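These protein sequences, in sequence, are chains A and B.
This note's numbering numbers the first residue of the first sequence as 1 and each following residue consecutively.
This note's numbering numbers the first residue of the second sequence as 1001 and each following residue consecutively.
Glycine is no exception: its CB is placed at the ideal position from the N, C-alpha and C atoms.
All of these numbers come straight from a predicted model, not from anything done at the bench.
Single-structure report; data block below.
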Amino acid sequence: MIVLVTLLSIAITVGAYLLSRVVGKRYPSPFTTPVFFSTAIIIIILLTFGFTFEDYTMAKDIMTFLLGPATVALAVPFYKNREIIKKHSGPAIVGIVFGTISTIIGAVLLAKLLTLSNEILASVSVKSVTVPVAIEISNIIGGDPALTAAFVVATGIIGTMLGPSLMNLTNIDHPLSRGLALGTISHGQGTAQAATEGELQGAIAGVAMGLAAIFTAIAAPIIVPFFI
Amino acid sequence: MKKTLIIVIQLFFLWLLNELGYFLVKALNLPLPGNVLGMVMLFILLMTGVVSLKWVEEASSFLIKHLAFFFIPIAVGLMNFGPLFLQNGISLLLVIAGSAAIGIYITGAVSQTLAEKKVGANHDRSRNSA
């Protein structure tokens, strides 16, 4: 039974992804970005047929097996674009530091304003960092690991949905800045989105994701306690 | 057929680097995800010429092209948080979307302004020298 459910889950996921590529190309919009579009379809199918996330977990583990190697692979576009990245390393690092700090402060201020609990506030403050790092920082500042993981994923989706149109609107058109912003705020999912814009964008987003993780690990334990 | 075999061998190599990254992070207690350390290691190997671009290029471009795919199964996990999002949905959406928008704008605007300033300074210099 579990084998059948797992095979079916994989088929549905791959199908939803392929469909999202076709639909996203024909009707580009925040709602047709692959992760949002596919995830919505899969959750609706699972709920409709009475399946839980536990039934899907085995399929999830199989399909995400290559996520680690895929992150390692980001070194390749970075290596190919190393000259242009080196040329802009100063603005890039300043951009990542400002972006990391502003998104942490933005999140805790908004959470405070909307009277969310301290546990939610701590968990949401590290939402821009890739899951394994976010969970560790969240533990240090009094957040909840499962909640943190959910916020990280939600930020990945919302940031990649929102980011490109927001930057079009505000005339942020430098390829370096676009990749930097997506990687800094929406980690791996932002990097995937940036890679669809171009090789340089993808490369710099991958680096931004790594650096943002380090800066957040330093900044969040200093900033968040002021608001709890 | 041959191309598939090449990709599989290259994938295995990338996987090894990833595992090594996680091993080192644990052994040395580094504040980094193992896969990011793996990325740094591959970059150093490419820079020093220990690994040639040809060894990893096919598998890398395949994985990066489909990077978004790997986040879909993880995002499906959000269905476990249905009750929380139903209860605090609007507030959480405002916090996440608002802080993401602030961060994206600041990161983009700051880096773009600085990058353009630098280009401007270079233009001035070339004009002065001419």
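Annotated three-state conformation of Gly-142 of chain A is coil, per DSSP. Taking the Cα of Phe-51 of chain A as reference, the smallest distance to any Cα among A:Ile-96, A:Arg-21, A:Leu-4 is reached at A:Leu-4.
Gly-179 of chain A is positioned such that its CB atom lies closer than 8 Å to that of Gly-202 of chain A.
A Cβ-Cβ separation of about 7 Å places Glu-199 of chain A in contact with Lys-80 of chain A under the 8 Å criterion.
Under the three-state reduction of DSSP output, Tyr-27 of chain A falls in the coil class, being neither helix nor strand. Around Tyr-27 of chain A, no beta-carbon contact reaches into chain B at under 7 Å, the shortest distance being about 17 Å. Between Ile-41 of chain A and Ile-1072 of chain B, the alpha-carbon positions lie close to 11 Å from each other. Within a 10 Å sphere around the beta-carbon of Val-72 of chain A sit 16 or more other beta-carbons, which makes this residue buried. For the 8 Å CB-CB criterion, Phe-1013 of chain B and Val-1056 of chain B form a contact.
Residue nearest to Ile-12 of chain A within the set A:Thr-33, A:Ile-45, A:Tyr-27 is A:Ile-45 (criterion: CA-CA distance). For the C-beta of Leu-166 of chain A, the chain B residues within less than 7 Å are, from N- to C-terminus, Ala-1101, Ile-1104, Tyr-1105. Closer than 8 Å to the CB of Leu-4 of chain A there is not a single CB belonging to chain B. Secondary structure at Thr-160 of chain A: helix, using DSSP grouped into helix, strand and coil. Gly-183 of chain A and Met-167 of chain A have their alpha carbons spaced roughly 14 Å apart. Interface with chain A (8 Å Cβ-Cβ cutoff): Phe-1023 of chain B is excluded. Where Thr-191 of chain A is concerned, the enclosing alpha helix (DSSP H) starts and stops at 175-197. The residues Phe-1085, in chain order, have a CB closer than 7 Å to that of Leu-1092 of chain B in the same chain once the five nearest residues on each side in sequence are set aside. Proximity of chain A to Ser-1091 of chain B at the Cβ level (cut-off 7 Å) is accounted for by Leu-114, Leu-116, in chain order. With a 10 Å radius around the Cβ and a threshold of 16 neighbouring Cβ atoms, Leu-169 of chain A comes out exposed. In terms of beta-carbon proximity, Ser-128 of chain A lines the interface with chain B, with at least one pair separated by less than 8 Å.
With fewer than 16 neighbouring CB atoms inside 10 Å of its own CB, Pro-1031 of chain B falls in the exposed class. Across the set A:Ser-177, A:Gly-24, A:Phe-53, the C-alpha of A:Ser-177 shows the shortest separation from the C-alpha of Val-1110 of chain B. Shortest Cα-Cα distance from Phe-1023 of chain B to any of B:Ile-1006, B:Ile-1009, B:Gln-1010, B:Met-1041 involves B:Met-1041. Counting C-beta pairs closer than 8 Å gives fewer than three between the segment 1005-1021 of chain B and the segment 121-131 of chain A, which falls short of the contact rule. A direct Cα-Cα distance of roughly 23 Å separates Phe-1062 of chain B from Leu-7 of chain A. For the segment 1107-1118 of chain B, residues whose beta-carbon sits nearer than 9 Å to a beta-carbon of chain A comprise Thr-1107, Gly-1108, Ala-1109, Val-1110, Ser-1111, Gln-1112, Thr-1113, Leu-1114, Ala-1115, Glu-1116, Lys-1117, Lys-1118. For Ala-1097 of chain B, the neighbours in chain A by C-beta distance under 8 Å run, in chain order, Ile-158, Leu-162. Of the candidates B:Leu-1053, B:Met-1047, B:Phe-1070, B:Val-1076, B:Val-1076 places its Cα closest to the Cα of Asp-55 of chain A. DSSP places Pro-34 of chain A in the uninterrupted alpha helix (DSSP H) bounded by 34-48.
Per the C-alpha coordinates, the member of B:Ala-1027, B:Gly-1103, B:Gly-1038, B:Leu-1067 positioned closest to Thr-216 of chain A is B:Gly-1103.
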